[in-house]
Amino acid sequence: MHGHDGRRSRRDILKAASALAAGCGAGVLVRPARATPASMQTAIRNVVSSATVKPGKVALDIPPLVENGSTVAVSVAVESPMTPTDYVKAIHIFTEKNPQPNVISIHLGPRAGRATVATRMRLVDTQKIVAIAELSDGSFWSDTVEVVITLGACLEEII
Amino acid sequence: MKLAMTMPEFVRSGVLFTVLCIMMTHSAVAEIPLAERRSGYDLLSRETRAMQDDDTANPGMLWVLDGETLWRAKDGTAEKACAECHGDARESMRGVAARYPAFDPARGRPVTLEQRINICRSERQKAPPFAYESKDLLSLTAYVARQSRGMPIESAADERLKSFVDAGRALFTRRQGQLNLTCAQCHDDNWNQKLAGNSLTQAHPTGYPLYRLEWQTVGSLQRRVRNCLIGMRAEPYAYGSPEYVALETYLMWRARGLPVETPAVRP
Amino acid sequence: MARALLNVPAKAKRGEVIAIKTLISHEMETGFRHSTTGVPVPRNIITSFVVNYNKEEIFRAVLFPAIAANPFITFYTVATESGTIAFEWTGDNGFSATESATITVE
Numbered sequence: 000m001h002g003h004d005g006r007r008s009r010r011d012i013l014k015a016a017s018a019l020a021a022g023c024g025a026g027v028l029v030r031p032a033r034a035t036p037a038s039m040q041t042a043i044r045n046v047v048s049s050a051t052v053k054p055g056k057v058a059l060d061i062p063p064l065v066e067n068g069s070t071v072a073v074s075v076a077v078e079s080p081m082t083p084t085d086y087v088k089a090i091h092i093f094t095e096k097n098p099q100p101n102v103i104s105i106h107l108g109p110r111a112g113r114a115t116v117a118t119r120m121r122l123v124d125t126q127k128i129v130a131i132a133e134l135s136d137g138s139f140w141s142d143t144v145e146v147v148i149t150l151g152a153c154l155e156e157i158i
Numbered sequence: 000m001k002l003a004m005t006m007p008e009f010v011r012s013g014v015l016f017t018v019l020c021i022m023m024t025h026s027a028v029a030e031i032p033l034a035e036r037r038s039g040y041d042l043l044s045r046e047t048r049a050m051q052d053d054d055t056a057n058p059g060m061l062w063v064l065d066g067e068t069l070w071r072a073k074d075g076t077a078e079k080a081c082a083e084c085h086g087d088a089r090e091s092m093r094g095v096a097a098r099y100p101a102f103d104p105a106r107g108r109p110v111t112l113e114q115r116i117n118i119c120r121s122e123r124q125k126a127p128p129f130a131y132e133s134k135d136l137l138s139l140t141a142y143v144a145r146q147s148r149g150m151p152i153e154s155a156a157d158e159r160l161k162s163f164v165d166a167g168r169a170l171f172t173r174r175q176g177q178l179n180l181t182c183a184q185c186h187d188d189n190w191n192q193k194l195a196g197n198s199l200t201q202a203h204p205t206g207y208p209l210y211r212l213e214w215q216t217v218g219s220l221q222r223r224v225r226n227c228l229i230g231m232r233a234e235p236y237a238y239g240s241p242e243y244v245a246l247e248t249y250l251m252w253r254a255r256g257l258p259v260e261t262p263a264v265r266p
Numbered sequence: 000m001a002r003a004l005l006n007v008p009a010k011a012k013r014g015e016v017i018a019i020k021t022l023i024s025h026e027m028e029t030g031f032r033h034s035t036t037g038v039p040v041p042r043n044i045i046t047s048f049v050v051n052y053n054k055e056e057i058f059r060a061v062l063f064p065a066i067a068a069n070p071f072i073t074f075y076t077v078a079t080e081s082g083t084i085a086f087e088w089t090g091d092n093g094f095s096a097t098e099s100a101t102i103t104v105e
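If you want it as structure tokens, here you go:
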């Protein structure tokens, strides 16, 4: 954002300065590490290795706007007959910006009857959530949802 | 620090300033008409409502179960359990939370449910009182209050509580803190508007002790009021202060007729 | 032991797919928070949740700090026979909790 007279705004200058300082290894900010889209991809790679993840078959149900990021109801349903020869082996959930990309890894078998799981998770900021299902035939499927997080007002101080 | 603002921004900020001035000088609008009162439950998202409605999914129930264990445990030098005097809580405690805070003739003032539990502990069980906001006190209070679930609040119907209701009302409509706000300005005048993504409720304490998603644990009305006071940048009263008791007495009078929801779930 | 709430149908028909809801009390301290003096609060979470149905594993989950406090997990299983469904949670600092429920399958 530039000021009236076209000069670089104070904000631009500060951003450039901190980037320079960070690049020089002079730890400017003390902030908990956050996952990045790159670290989420790494976490996903750890699970799927070299297989391709195709969008589809997975339905990630999460409210688009949540009341509080500390407890967000999430459910994952995967289309599958759940027979001994065709079933969902695992369901994994990842986030883009939480301090750590993994949320939960669930292992199922044909005895599940239905490949649906629900839980409650924490979300630190507005971000993408990815659910990945591994089927018995070795294929991987996914669904991605963007969730908006606002914090409630009148935040309590930690005592 | 020089502030650079574009022309529309400057105008907008001037409008906001004027609105704030009007808000600050204009006295509070009247209390919410009885027919328009709504519990915070009505303003919850579908998912949070589902959390409250299902006893096997409501985290507050974990505290209620712990409270049931405490109800039956012997304690104090008198080696007595609540159950020995009060029997089955489902019968003896039915309706109790719906009429608290209640006037205590011995003390000449109202006491909250937490205070009543601690009075019983020290006088009957000869046991040390539970600390405010301790897991034990929250669990036992939640268990007792749970027995009134669904029943209409009829606190402060007692004539002797009138001066305390008035004192609570004075606190509710008093400007305080750096923001110079009154509780009424948000909860009487602006309920259902959004404040950082959450709907402002009318502030009826129908479900305390409740599980607050923000805390990820069960907490009391006093804790919630402290959150508000800190958020308003006002000095919070100490736990157990007569101000909280007066405020709770007023709030429960204000919520008369609404059903008890303990243990509620709120964001 | 930590308090847990289970929702397991007491009765089911053979072959019916039943929903099981579980809720256990645990603060799930993430390990990413700091106290007011800047000292990190150490991680303390449930890391594993395993369910056995007549001693055969039907569900297993690995939990990370992103799971909200008082973990709530719902899943499905086929009601194959009458018996015992056993739940086990394990986690940091030697945390361990077990619960069980009986089911009658007609």
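As you go down the protein sequences, you meet chains W, R and Y in turn.
Mapping to numbering that gives the first Met the number 0: the first sequence position 26 is 25, numbers consecutive.
Mapping to numbering that gives the first Met the number 0: the second sequence position 179 is 178, numbers consecutive.
Mapping to numbering that gives the first Met the number 0: the third sequence position 3 is 2, numbers consecutive.
Every residue gets a Cβ at the ideal spot worked out from N, C-alpha and C, and that includes glycine.
Do GLY82(Y) and TYR52(Y) have their C-beta atoms closer together than 8 Å?
-> yes
Anything in chain Y within Cβ reach of ARG44(W), meaning under 9 Å, just list it in chain order.
-> Simply none; closest approach about 17 Å.
Would you check if the distance between the CB atom of PHE86(Y) and the CB atom of THR97(Y) is smaller than 8 Å?
-> yes
Do VAL177(R) and ARG265(R) have their C-beta atoms closer together than 8 Å?
-> Per the sequence shown, the amino acid found at residue 177(R) is Gln instead of Val. No. Outside cutoff.
DSSP beta-bridge partners for GLN175(R)?
-> LEU180(R)
Can you list, in chain order, the stretches of the alpha helix (DSSP H) that have 4 or more residues and sit fully within the region 113 to 142 of chain W?
-> none
Using a Cβ-Cβ cut-off of 8 Å, state whether VAL52(W) counts as contacting chain Y.
-> no
Length at least 3, wholly inside the region 39 to 122 of chain W: the beta strand (DSSP E) runs in chain order | 52 to 54, 57 to 60, 71 to 77, 87 to 94, 101 to 106, 115 to 120
First through last residue of the beta strand (DSSP E) which encompasses GLU46(R) = Premise fails: GLU46(R) lies in the alpha helix (DSSP H), 45 to 52, not in any beta strand (DSSP E).
8 Å Cβ cutoff met for THR125(W) and VAL147(W) = yes
Mind checking the region 195 to 210 of chain R against chain W and listing, in chain order, the residues whose C-beta falls within less than 7 Å of any C-beta there?
-> ALA195, GLY196, ASN197
Cross-chain neighbours of GLN51(R) in chain Y, by beta carbon under 8 Å | Result: empty, since nearest Cβ-Cβ is about 13 Å, beyond 8 Å.
Assuming VAL71(W) contacts MET39(W) (C-beta within less than 8 Å), just tell me the rounded distance between them.
-> With a Cβ gap of about 17 Å, VAL71(W) and MET39(W) do not count as contacting.
Taking VAL38(Y) as the query, report the chain W residues whose CB atoms sit under 9 Å from its CB, ordered along the chain.
-> Residues of chain W passing the Cβ test: none, with the nearest at roughly 12 Å.
What are the residues that DSSP puts in a beta bridge with TYR52(Y)?
-> GLU55(Y), ILE84(Y)
Identify the contact partners of ALA117(W) in chain Y, using a Cβ-Cβ distance below 7 Å as the criterion.
-> THR73
Could you check where the alpha helix (DSSP H) with ILE229(R) kicks off and where it finishes?
-> 220 to 230
Where HIS33(Y) falls, given that 16 or more other Cβ within 10 Å makes a residue buried = exposed
Between ASP60(W), ARG113(W), VAL144(W), which lies nearest to LEU134(W) when the distance is taken from Cα to Cα?
-> ARG113(W)
HIS1(W), buried or exposed, once every other Cβ within 10 Å from all chains shown has been counted against 16 = Reliability of the predicted coordinates at HIS1(W) is poor, the pLDDT of 44 falling under 50, and no value is obtained from them.
Helix, strand or coil for LEU212(R) per DSSP?
-> coil
For LEU4(Y), collect the residues of the same chain with a Cβ closer than 7 Å to its Cβ; drop the 5 residues on either side in sequence, then sort them by chain order.
-> LEU22
Please state whether DSSP places PHE102(R) in a helix, a strand or coil.
-> strand
Is the number of C-beta pairs between the region 59 to 70 of chain Y and the region 90 to 106 of chain W that are closer than 8 Å three or more?
-> yes
Minimum Cβ-Cβ distance from LEU5(Y) to chain W less than 8 Å | no
Would you verify that the beta carbon of GLN215(R) is, or is not, closer than 8 Å to some beta carbon of chain W?
-> yes
Leaving out the 5 sequence neighbours to the left and right, which residues in its chain are closer than 7 Å to TRP190(R) when beta-carbon positions are compared?
-> LEU199, THR200, GLN201
When you check each C-beta in the region 76 to 98 of chain W against every C-beta of chain R, which residues fall closer than 7 Å?
-> none
Indicate the three-state DSSP secondary structure (helix, strand or coil) for HIS25(Y) in the structure shown.
-> coil
Residue-level contact to chain W via CB, THR181(R), 8 Å cutoff | no
Residue burial classification, ARG173(R) (beta-carbon count within 10 angstroms, cutoff 16) | exposed
Measuring alpha carbon to alpha carbon, tell me which of GLU67(R), ARG37(R), GLY39(R) ends up nearest ALA144(R).
-> GLU67(R)
Per DSSP, what kind of secondary structure is THR205(R) in: helix, strand or coil?
-> coil
Interface residues of chain R facing ALA130(W) [CB-CB closer than 7 Å] | Under the 7 Å cutoff, chain R gives no residues; its nearest Cβ is about 17 Å from ALA130(W).
Contact residues within the region 232 to 253 of chain R, judged by C-beta distance below 7 Å to chain W = none
Mind checking whether ASN67(W) and GLU213(R) have CB atoms under 8 Å apart?
-> yes
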